[in-house]
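Report on the following structure.
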């Protein structure tokens with residue numbers, strides 16, 4: 001099992017922690033987004049986590065496009081929406097790179 005954890009804190013602001021676990025074949029088993037920021041409507045975070053679970057990471061850009069669409073009509077308070085998307089991209093990219101190492 002591959003695990004990636006990213007933590008980010010806005011200067012003078014809120015924090016976000018993303019914990020992701022994937023199989024050696026790049027299938028996301030767990031994807032959690034935690035922090036003291038807010039997303040309106042709040043159920044979008046659950047939808048985002050559920051969307052990513054079970055997917056194989058093949059094309060990070062394609063997944064990020066879909067993540068961006070899920071977040072398009074939301075309001076993120078205490079953290080920039082772009083920063084949240086950037087952190088998700090970093091987590092997915094790190095997992096993909098670690099999967100490649102396992103498959104060698």
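Numbering (our numbering), first residue to last: 1 to 104. Note that beta-carbon positions come from the ideal geometry of N, C-alpha and C, so glycine has one too. Note that the structure is a prediction, hence the values are computed from the model and not measured.
**Host alpha helix (DSSP H) of residue 44 (start-end)** = For this step, residue 44 is matched to residue 44 along the chain shown. From DSSP, the alpha helix (DSSP H) with residue 44 extends over 43-52.
**Request:** Give, in chain order, every unbroken run of the alpha helix (DSSP H) that is at least 4 residues long and sits entirely within the stretch 3-76.
**Result:** 43-52 and 60-71
**Prompt:** If you run the structure through DSSP and keep just helix, strand and coil, what is residue 84?
**Reply:** Position 84 of the chain shown holds residue 84. Here residue 84 sits in helix by DSSP.
**Asked** Does the distance from the CB of residue 45 to the CB of residue 77 come in under 8 Å?
**Response** Here residue 45 is taken as the residue at index 45 of the chain shown, counted from 1. Here residue 77 is taken as the residue at index 77 of the chain shown, counted from 1. It is not a contact, given that the beta carbons lie outside the stated cut-off.
**Prompt:** Do you know how far the Cα of residue 96 is from the Cα of residue 58?
**Reply:** Taking the chain shown and counting its residues from 1, one reaches residue 58 at position 58. Taking the chain shown and counting its residues from 1, one reaches residue 96 at position 96. So the alpha carbons of these two residues sit roughly 8 Å apart.
**Item:** Local Cβ density within 10 Å of residue 20, reported as buried at 16 or more and exposed below that
**Value:** The residue you call residue 20 lines up with position 20 of the chain shown. Buried, since its Cβ has 16 or more Cβ neighbours within 10 Å.
**Asked** Taking the Cβ atom as the reference point for each residue, do residue 25 and residue 56 lie within a distance shorter than 8 Å?
**Response** Here residue 25 refers to the residue found at position 25 when the chain shown is read from its first residue. Here residue 56 refers to the residue found at position 56 when the chain shown is read from its first residue. Yes, Cβ-Cβ distance for residue 25 and residue 56 is below 8 Å.
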